Amino acid sequence: MNWENIAGQENLKKLLKESIAENRVSHAQLFVGKEGYGTLPVVLAYAKEVLSRENEHAASKVEHLNHLDLHFSFPVFTDNKNSLSKSKFEDFREMVLNFPYASYNDWTAFLESENKQLFISADEIDDQNQKFSLKSFEGGTKILIVWRADKMNTAASNKFLKFLEEPPAKTVILLTAESTNDMLPTILSRTQIVEVPRIDDEDIEAYLKKNFDVPDAALGEIIHQAQGNLNDAVRFLKSGSKSDEFEKLFIQWVRDAFMVKKKPAFLKNIILWAREIAGWNREKQKSFLNYCSEIFRLALLQNYQSEGLVYKKIDANGFNWAGFSKFISGANIESILEEISTADLHLTRNGNPKIIWTDLGIKLSRYIHKNS
Numbered sequence: 062m063n064w065e066n067i068a069g070q071e072n073l074k075k076l077l078k079e080s081i082a083e084n085r086v087s088h089a090q091l092f093v094g095k096e097g098y099g100t101l102p103v104v105l106a107y108a109k110e111v112l113s114r115e116n117e118h119a120a121s122k123v124e125h126l127n128h129l130d131l132h133f134s135f136p137v138f139t140d141n142k143n144s145l146s147k148s149k150f151e152d153f154r155e156m157v158l159n160f161p162y163a164s165y166n167d168w169t170a171f172l173e174s175e176n177k178q179l180f181i182s183a184d185e186i187d188d189q190n191q192k193f194s195l196k197s198f199e200g201g202t203k204i205l206i207v208w209r210a211d212k213m214n215t216a217a218s219n220k221f222l223k224f225l226e227e228p229p230a231k232t233v234i235l236l237t238a239e240s241t242n243d244m245l246p247t248i249l250s251r252t253q254i255v256e257v258p259r260i261d262d263e264d265i266e267a268y269l270k271k272n273f274d275v276p277d278a279a280l281g282e283i284i285h286q287a288q289g290n291l292n293d294a295v296r297f298l299k300s301g302s303k304s305d306e307f308e309k310l311f312i313q314w315v316r317d318a319f320m321v322k323k324k325p326a327f328l329k330n331i332i333l334w335a336r337e338i339a340g341w342n343r344e345k346q347k348s349f350l351n352y353c354s355e356i357f358r359l360a361l362l363q364n365y366q367s368e369g370l371v372y373k374k375i376d377a378n379g380f381n382w383a384g385f386s387k388f389i390s391g392a393n394i395e396s397i398l399e400e401i402s403t404a405d406l407h408l409t410r411n412g413n414p415k416i417i418w419t420d421l422g423i424k425l426s427r428y429i430h431k432n433s
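Residue numbers (this note's numbering): 62 to 433.
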């Protein structure tokens, strides 16, 4: 990964380059930010520069993720009692080389492991300890990149802490995490934390224009939805066909929810609606939840006379956007979004999707009639 191939993050790139030039590379650094902000691309470019300054031939090896002194740890599922990330390295390498902004959900989908728990195990830390007890192959620095270090289980975290406290000589440890909430405070205290901010909208726009054929009409909407997350921007771009499907099902949900109050028989429609969505893979279900959240937020803005911020409206199939928006207010938006967030959490924890979607569908019929 070259610095120039990273979308935006100019200030961060400048600081990291200066730290290498001035020989101020901390032995343990934690890069915190969403994958779509570029945490892994930044770390890869950083590792490449560190190793390249020691050996000019290192650059191409790092570029293809096959440098013998560059090691990786990342979440995997237990397969035949094997929980070592090296068993899935070729899959990880393929995903990263194809799109280094890939997310944890992309990784689970890539492994077709949506119903399995991915984590970094204590055995994985033992394996890395063994690797780093040996001399480097090229006589210089050895680097360990831990992608999604926040996915370490408790046993792994405790063993990793010892590794941080007594690292082998000429070792650099680069961790990435979406947040620090699930990490041991003692690990955080022993790492230099580097915040990776969202990407500026103009940098997202430049990246999309350079790498994709994006219709001008869709570009503004995609950038606004992405909120500085390049992974999301690319996903929205590629899911154009899904948007029509999501819109149709959202309209169906809202119409049935309105009718249930007068005609309880419409509950049957909501149950059938829930069954259809429950048949999707988990990633698509979570994408639909994100879509619904965004539409409800836009409806709230419409209702509160902030039409200039409403970048998308639903007007298909005779849907009355203005009329619908009047029902979304401060009285119910918090409850609606909280239920959607809860559904997302239950899906992440492998809850029964039919129950989750039926419950969510029915609850909307209660909240949508709640007036200020």
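All C-beta atoms, glycine included, are put in the ideal place defined by N, C-alpha and C. All values derive from a computational prediction rather than experimental measurement.
request  = Tell me whether residue 89 sits in a helix, a strand or coil according to DSSP, three-state version.
outcome  = Here residue 89 refers to the residue found at position 28 of the sequence shown. Reduced to three states, the DSSP call for residue 89 is strand.
Next item on the list: Could you check which residue in 364, 350, 425, 395 has the C-alpha nearest to that of residue 405?
Entry: Position 344 of the sequence shown, counted from the start, is the residue given in the question as residue 405. Taking only the C-alpha atoms, the option nearest residue 405 is 350.
>> I'd like to know whether the C-beta atoms of residue 132 and residue 192 end up nearer to each other than 7 Å.
In response: One-based indexing of the sequence shown puts residue 132 at position 71. One-based indexing of the sequence shown puts residue 192 at position 131. Yes.
Next on the checklist: Per DSSP, what are the beta-bridge partners of residue 213 in this structure?
Outcome noted: As a first step, residue 213 is located in the sequence shown; it is residue number 152 there, counting from the start. Bridge partners of residue 213: 181.
Using only alpha-carbon positions, find the residue among 117, 250, 178, 412 that is nearest to residue 346.
The residue you call residue 346 lines up with position 285 of the sequence shown. When each option's Cα is compared against that of residue 346, the closest is 412.
Tell me the DSSP secondary structure of residue 387 in three-state form. Along the sequence shown, read from residue 1 onward, the residue named residue 387 stands at position 326. In the structure shown, residue 387 sits in coil (DSSP, three-state: anything other than H, G, I, E or B).
Give the range of the alpha helix (DSSP H) segment to which residue 399 is assigned.
Here residue 399 refers to the residue found at position 338 of the sequence shown. Segment 394 to 409, the alpha helix (DSSP H) holding residue 399.
Notebook entry, point to check: Where does residue 116 sit, in a helix, a strand or coil, going by DSSP?
Noted result: Start at 1 with the first residue of the sequence shown, and residue 116 comes out as number 55. Of the three classes helix, strand and coil, the one that applies to residue 116 here is coil, per DSSP.
* Asked: Anyone know if the C-beta pair for residue 419 and residue 332 falls short of 7 Å?
  -> Position 358 of the sequence shown, counting from 1, holds the residue named residue 419. Position 271 of the sequence shown, counting from 1, holds the residue named residue 332. Yes, the pair counts as a contact, with Cβ atoms nearer than the cut-off.
Checklist line | Counted within 10 angstroms of its Cβ, other Cβ atoms place residue 370 as buried (16 or more) or exposed | finding: Position 309 of the sequence shown, counted from the first residue, corresponds to residue 370. Exposed: under 16 other Cβ atoms inside 10 Å.
Residue 323 (DSSP reduced to helix, strand or coil) = Taking the sequence shown and counting its residues from 1, the one referred to as residue 323 is at position 262. Residue 323 falls in the coil class under three-state DSSP.
* Asked: Residue ranges of each beta strand (DSSP E) run of no fewer than 3 residues wholly in the stretch 124 to 196, ordered along the chain?
  -> 131 to 134
key: Chain-order list of residues whose beta-carbon lies under 7 Å from that of residue 427 (same chain, five-residue window excluded)   = Along the sequence shown, read from residue 1 onward, the residue named residue 427 stands at position 366. Closer than 7 Å at the Cβ level, and outside the excluded window around residue 427, lies no residue.
Quick check on residue 234: does DSSP put it in helix, strand or coil? Here residue 234 refers to the residue found at position 173 of the sequence shown. Strand, per DSSP.
- prompt: Sorted by chain position, which residues of the same chain lie with C-beta nearer than 7 Å to residue 238's C-beta, five sequence neighbours on each side aside?
  reply: Taking the first residue of the sequence shown as 1, we reach residue 238 at position 177. Closer than 7 Å at the Cβ level, and outside the excluded window around residue 238, lie 91, 93, 209, 210, 211, 244.
_Could you compute how far the alpha carbon of residue 261 sits from the alpha carbon of residue 328?_
As a first step, residue 261 must be located in the sequence shown, where it is residue number 200. As a first step, residue 328 must be located in the sequence shown, where it is residue number 267. Their backbone Cα atoms lie some 44 Å apart in a straight line.
* Taking the continuous beta strand (DSSP E) assigned at residue 253, which residues delimit it? -> Counting from 1 along the sequence shown, the entry for residue 253 is found at position 192. Here the beta strand (DSSP E) through residue 253 covers 253 to 256.
Could you check whether the stretch 311 to 319 touches the stretch 247 to 267, counting it as contact only if at least three pairs of C-beta atoms, one from each stretch, sit closer than 8 Å?
no
Exercise. If residue 221 and residue 265 are in contact, beta carbons under 8 Å, what's the gap, nearest whole angstrom?
Worked result: As a working mapping, residue 221 is identified with position 160 in the sequence shown. As a working mapping, residue 265 is identified with position 204 in the sequence shown. Their Cβ separation, rounded to whole angstroms, is 34 Å, which puts residue 221 and residue 265 out of contact at 8 Å.
| message | Helix, strand or coil for residue 103? Go by DSSP, reduced to three states. | response | Residue numbering aside, residue 103 sits at position 42 when the sequence shown is read from its first letter. In the structure shown, residue 103 sits in a helix (DSSP, three-state: H, G or I).
- Query: In or out: residue 376 buried (at least 16 other Cβ within 10 Å) or exposed?
  - Reply: One-based indexing of the sequence shown puts residue 376 at position 315. By the 10 Å Cβ count, residue 376 comes out exposed.
Under 7 Å between the Cβ atoms of residue 207 and residue 134? Within the sequence shown, numbered from 1, the residue matching residue 207 stands at position 146. Within the sequence shown, numbered from 1, the residue matching residue 134 stands at position 73. Yes, they are a contact pair.
- request: Please confirm if the stretch 110 to 117 is in contact with the stretch 68 to 85, defined as three or more CB-CB distances below 8 Å between the two stretches.
  value: yes
Check your understanding: Three-state secondary structure (DSSP) at residue 203?
Key -> Taking the sequence shown and counting its residues from 1, the one referred to as residue 203 is at position 142. Correct three-state label for residue 203: strand.
**Prompt:** Going straight from the alpha carbon of residue 281 to that of residue 362, what length do you get?
**Reply:** For the purposes of this step, residue 281 is taken as the residue at position 220 of the sequence shown. For the purposes of this step, residue 362 is taken as the residue at position 301 of the sequence shown. Straight-line Cα distance between these residues: approximately 18 Å.
Worksheet item: With distances taken from CA atoms, which of 278, 201, 219, 391 is nearest residue 118?
Response: To locate residue 118, count along the sequence shown from 1; it is residue 57. Nearest option by C-alpha distance: 201.
So does the stretch 99 to 106 actually touch the stretch 138 to 155, counting three or more Cβ pairs closer than 8 Å?
-> no
If you measure between the beta carbons of residue 130 and residue 203, is that distance less than 7 Å?
Within the sequence shown, numbered from 1, the residue matching residue 130 stands at position 69. Within the sequence shown, numbered from 1, the residue matching residue 203 stands at position 142. Yes, they are a contact pair.
Could you check what DSSP says for residue 433 in three-state terms: helix, strand or coil? The count along the sequence shown starts at 1 and reaches residue 433 at position 372. Bear in mind that the predicted position of residue 433 carries a pLDDT of just 46, short of 50, making it unreliable; the figure below should be weighed with that in mind. The answer is coil: DSSP assigns residue 433 none of H, G, I, E or B.
* How is the alpha helix (DSSP H) around residue 261 delimited, first residue to last? -> The sequence position of residue 261 within the sequence shown is 200, counting from 1. Note, residue 261: premise wrong, no alpha helix (DSSP H); not H, not E.
Original post:
CB-CB under 7 Å to residue 443, same chain, minus the five flanking residues each way: which ones, in chain order?
Top reply: The displayed coordinates of the chain run from 62 to 433. Any statement about residue 443 would go beyond what the structure contains.
Under DSSP, the alpha helix (DSSP H) around residue 10 begins and ends at which residues? Residue 10 is absent from the structure shown; the chain starts at 62 and stops at 433.
Original post:
If you draw a straight line from the C-alpha of residue 263 to the C-alpha of residue 274, how long is it?
Top reply: As a first step, residue 263 is located in the sequence shown; it is residue number 202 there, counting from the start. As a first step, residue 274 is located in the sequence shown; it is residue number 213 there, counting from the start. C-alpha separation (whole angstroms): 16 Å.
TODO: Just the C-alpha distance for residue 293 and residue 286, rounded to the nearest angstrom, thanks.
DONE: Position 232 of the sequence shown, counted from the start, is the residue given in the question as residue 293. Position 225 of the sequence shown, counted from the start, is the residue given in the question as residue 286. Between residue 293 and residue 286, the C-alpha separation is close to 8 Å.
Going by beta-carbon coordinates alone, are residue 62 and residue 106 separated by less than 7 Å? Indexing the sequence shown from 1 puts residue 62 at position 1. Indexing the sequence shown from 1 puts residue 106 at position 45. In contact: residue 62 and residue 106 (Cβ atoms closer than 7 Å).
Look up residue 371 in the DSSP assignment and say whether it is helix, strand or coil.
Stepping through the sequence shown from its first residue, residue 371 is reached at position 310. Coil at residue 371, not helix or strand.
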